[in-house]
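Participant: Sending over a structure as structure tokens; questions will come in a sec.
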Amino acid sequence: MTKKLLNGNQLKILGCIFMLIDHLGFFLFPDIIALRIIGRLAMPIFAFMIAEGAYYSKNKPVYLASILVLGILISMIVFAATKTINLNILISFSLSLILIFLFDKIRDNIILKKNKLLILSIIIFVIYSISLLVFMYFNYIEFQLFSILIPFVLSLINYSNKYDYRYKNIVKLIAYLITYTICMVISIFWFKINTDLYIQVYGYFAGIFILLYNDTKGKVNLKYLFYIFYPLHIGILYLIKEGM
């Protein structure tokens with residue numbers, strides 16, 4: 101059995117480092133493709149942590165609202181600066197969280213045997229899923245299907261009691277690799293993504309960090325690290341680029 105080494109804080113820090121490297125390539129050094137390749141590890145790590153947050157959060161509406169509101173604020177700032185609409189990764193993850201929480205309602209109604217509410221929750225889930233697919237077909241959101249399906253699929257495993265702790269991360273890894281492949285295939289024939297698909301392939305290696313996760317938060321509370329670091333470093337890099 102692979103020894104699990106990384107807690108949630110360490111994963112978030114690694115995700116921020118990989119994201120910074122990726123955006124250095126995007127904003128300042130577009131000719132250095134290695135920076136973008138390394139950056140492919142960031143999104144899957146944060147998608148994994150979103151799935152963990154969806155499961156462990158004590159106040160799910162607040163968790164969703166905090167991510168969605170910040171995503172909208174960042175989009176408004178980007179629009180004010182560049183006059184372009186940017187549906188960033190926080191908005192993408194928010195849409196995924198809505199999908200997760202709607203599915204939670206289906207599961208809850210099954211457990212509580214509330215048949216009428218179950219039918220209603222299934223209808224709402226199906227309508228939302230179809231609407232989301234249609235929206236993504238006509239509009240670009242950051243990382244498209246990857247940022248929607250990966251957190252959703254990984255969240256499903258957290259609710260299963262079938263898997264012993266020692267094997268749960270292996271199941272998550274397998275689920276991640278399968279989901280990532282599905283997203284790759286669909287993206288080839290349907291969606292347009294921000295980075296060429298041949299670079300996106302390197303995102304498979306993010307599965308290593310899922311395997312090494314030790315299912316603990318870490319001693320220090322870094323809950324809002326990603327929310328702060330994401331807009332802060334992008335703003336700084338944008339200003340540097342504009343000043344060059």
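Note that my numbering gives residue 323 to position 223 of the sequence shown, counting from 1, and the numbers run on in steps of one. Cβ atoms here follow ideal geometry from the backbone N, Cα and C, with glycine treated the same way. Remember, predicted model here, so these are calculated numbers, not experimental data.
Would you kindly work out how many angstroms separate the C-alpha atoms of residue 239 and residue 140, rounded to a whole number?
Facilitator: As a first step, residue 239 must be located in the sequence shown, where it is residue number 139. As a first step, residue 140 must be located in the sequence shown, where it is residue number 40. Residue 239 and residue 140: Cα-Cα distance of roughly 22 angstroms.
Participant: Ordered along the chain, which non-local residues of its own chain (more than five positions away) have a Cβ less than 6 angstroms from that of residue 318?
Facilitator: For the purposes of this step, residue 318 is taken as residue 218 along the sequence shown, with counting starting at 1. Correct list, in chain order: 107, 108 and 109.
Participant: Checking 7 angstroms against the spacing of the C-beta atoms, do residue 193 and residue 167 come in under that value?
Facilitator: Within the sequence shown, residue 193 is the residue found at index 93, counting from 1. Within the sequence shown, residue 167 is the residue found at index 67, counting from 1. In this structure, residue 167 lies closer than 7 angstroms to residue 193 by Cβ.
Participant: Is there contact between the stretch 120–135 and the stretch 275–282, where contact requires at least three CB pairs shorter than 8 angstroms?
Facilitator: no
Participant: Determine the direct distance from the alpha carbon of residue 178 to that of residue 130, and round the result to whole angstroms.
Facilitator: For the purposes of this step, residue 130 is taken as the residue at position 30 of the sequence shown. For the purposes of this step, residue 178 is taken as the residue at position 78 of the sequence shown. Approximately 20 angstroms between the Cα atoms of the pair.
Participant: DSSP beta-bridge partners for residue 106?
Facilitator: Taking the first residue of the sequence shown as 1, we reach residue 106 at position 6. According to DSSP, residue pairing for residue 106 in a beta bridge involves 313.
Participant: Quick check for students: name the residue ranges of the beta strand (DSSP E) that lie wholly in the stretch 212–266, counting only runs of 3 or more.
Facilitator: none
Participant: So, is residue 343 buried or exposed, given that buried needs 16 or more other C-beta atoms within 10 angstroms?
Facilitator: As a working note, residue 343 is residue 243 in the sequence shown. The residue is exposed, with fewer than 16 neighbouring Cβ atoms inside 10 Å.
Participant: Since I believe residue 196 is in contact with residue 251 (beta carbons under 8 angstroms), could you give me their beta-carbon distance rounded to a whole number of angstroms?
Facilitator: One-based indexing of the sequence shown puts residue 251 at position 151. One-based indexing of the sequence shown puts residue 196 at position 96. Indeed they touch by this definition, with Cβ atoms about 4 angstroms apart.
Participant: According to DSSP, is residue 185 part of a helix, a strand, or is it coil?
Facilitator: As a position in the sequence shown, residue 185 is number 85, starting the count at 1. Note: residue 185 maps to coil in three-state DSSP.
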